[in-house]
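In our numbering, the protein residues as written are -12 to 280.
Glycine included, C-beta positions come from ideal geometry on N, C-alpha and C.
What follows is a short report on a single structure.
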């Protein structure tokens, strides 16, 4: 399934606990089962009772001929004020695994320069996120692995609609309007069993950065000819170039200090460590004030 919502994606963000983000940066993608989100609490933005629903109908009476359904279905019926029943259908044998990301796209409102693209609601649950600065390359790496393992893989932005009052068919790329602040991009595949899956796509350290919400809470978008992706790519290239050089020097001096811990070697090691920490500090400080001017 090709992406239907053709908007330029500047970057992806993944909010989670720090240890899981570190695993993701190493290439470990955790695909949760869709049933988990259907059963989770809705008050923290994770749960969505419509997540695994494939059809909604409305009509009189409570007798439904399930033989008309082409699979093992269950149904939830809710009485309506007009005497009808609103019915939501779930396919009990439709096993789907999903991976969700916050997407920064080109339809943000640039009129108000105070608009912060890190949603306050998204910041509430977790204190860290993984910033993927090259979304195209990230998806290429995912496809290279995932598409060889599962035939029914789907990639697209979520479409937010008035599901609560809508009738008819629904798919797992549609969610209620109240969740639109999530700007979700979803990767999904159909499984043969109801189980979580971990897919390893290889390290993405070269195209991603782990940051805390506090470090990036001043980021805003301003209209400009330079895209966010181009700016962040330049930052990434400079950062990793500096960090690799200083890290290699530090490791070399560490080996020398361990084999010959004299005053000169220890002094050089301290200087190298300070240089490495300074390079990292400068990078994070710069990211905390990124703006497209």
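Say whether chain C places a C-beta atom closer than 8 Å to the C-beta of residue i.
i           : result
residue 123 : Among the chains in the structure shown there is no chain C, since it carries only a single protein chain.
Could you work out which residue in the options is closest to residue i when comparing CA atoms only?
i           : options               : result
residue 154 : 241, 76, 235 and 237  : 76
residue 198 : 119, 242 and 63       : 119
residue 237 : 248, 255, 250 and 228 : 255
residue 17  : 233, 61 and 174       : 174
residue 229 : 35, 263 and 8         : 263
residue 184 : 115, 261, 15 and 113  : 15
residue 21  : 181, 5 and 71         : 181
residue 41  : 131, 150 and 130      : 150
residue 112 : 3, 246, 267 and 242   : 3
residue 356 : 10, 68, 165 and 67    : No information on residue 356 is available, as it lies outside the stretch -12 to 280 that the chain covers here.
For residue i, collect the residues of the same chain with a Cβ closer than 7 Å to its Cβ; drop the 5 residues on either side in sequence, then sort them by chain order.
i           : result
residue 33  : 24 and 27
residue 61  : 77 and 79
residue 114 : 199 and 200
residue -9  : The pLDDT assigned to residue -9 is 44, lower than 50, so where the model puts this residue is not dependable; a value taken from the coordinates is nonetheless given after this. So the qualifying residues of the chain are 143.
residue 267 : 230
Quick one: using the 10 Å Cβ neighbour count with 16 as the cut-off for buried, is residue i buried or exposed?
i           : result
residue 231 : exposed
residue 169 : buried
residue 79  : exposed
residue 248 : exposed
residue 233 : buried
residue 290 : Absent from the structure is residue 290, since the part of the chain shown begins at -12 and ends at 280.
residue 157 : buried
residue 123 : exposed
residue 250 : exposed
residue 90  : buried
residue -5  : exposed
residue 152 : exposed
residue 38  : buried
residue 261 : exposed
residue -2  : buried
residue 35  : buried
residue 1   : buried
Using a Cβ-Cβ cutoff of less than 8 Å, which residues in the same chain neighbour residue i once the five nearest sequence positions on both sides are dropped?
i           : result
residue 167 : 147
residue 212 : Legend: pLDDT at residue 212 = 36, less than 50; position of this residue unreliable, value from coordinates given subsequently. If we look at residue 212 and ignore the five residues flanking it on each side, it has no Cβ neighbours.
residue 133 : 140, 174, 176, 186 and 188
residue 179 : 82
residue 12  : 117, 190, 191, 192, 195 and 197
residue 71  : 45, 46 and 47
residue 131 : 188
residue 92  : -6, -5, -4, -3, 144 and 170
residue 9   : 197
residue 7   : 17
Assuming residue i contacts residue j under a Cβ cut-off of 8 Å, what Cβ separation, rounded to an integer in Å, is found between them?
i           : j           : result
residue 244 : residue 235 : At roughly 15 Å, the Cβ-Cβ gap does not stay under 8 Å, so residue 244 and residue 235 are not in contact.
residue 73  : residue 45  : 5 Å
residue 142 : residue 126 : 6 Å
residue 19  : residue 84  : 7 Å
What does a CB cutoff of less than 6 Å around residue i pick up in its chain, not counting 5 residues either side in sequence?
i           : result
residue 259 : 236, 237 and 240
residue 87  : 171 and 173
residue 43  : 75 and 154
residue 65  : 73
residue 5   : 115
residue 129 : 188
residue 67  : 73
residue 135 : none
Are at least three pairs of beta-carbons, each pair with one atom in the segment 135 to 149 and one in the segment 159 to 166, less than 8 Å apart? yes
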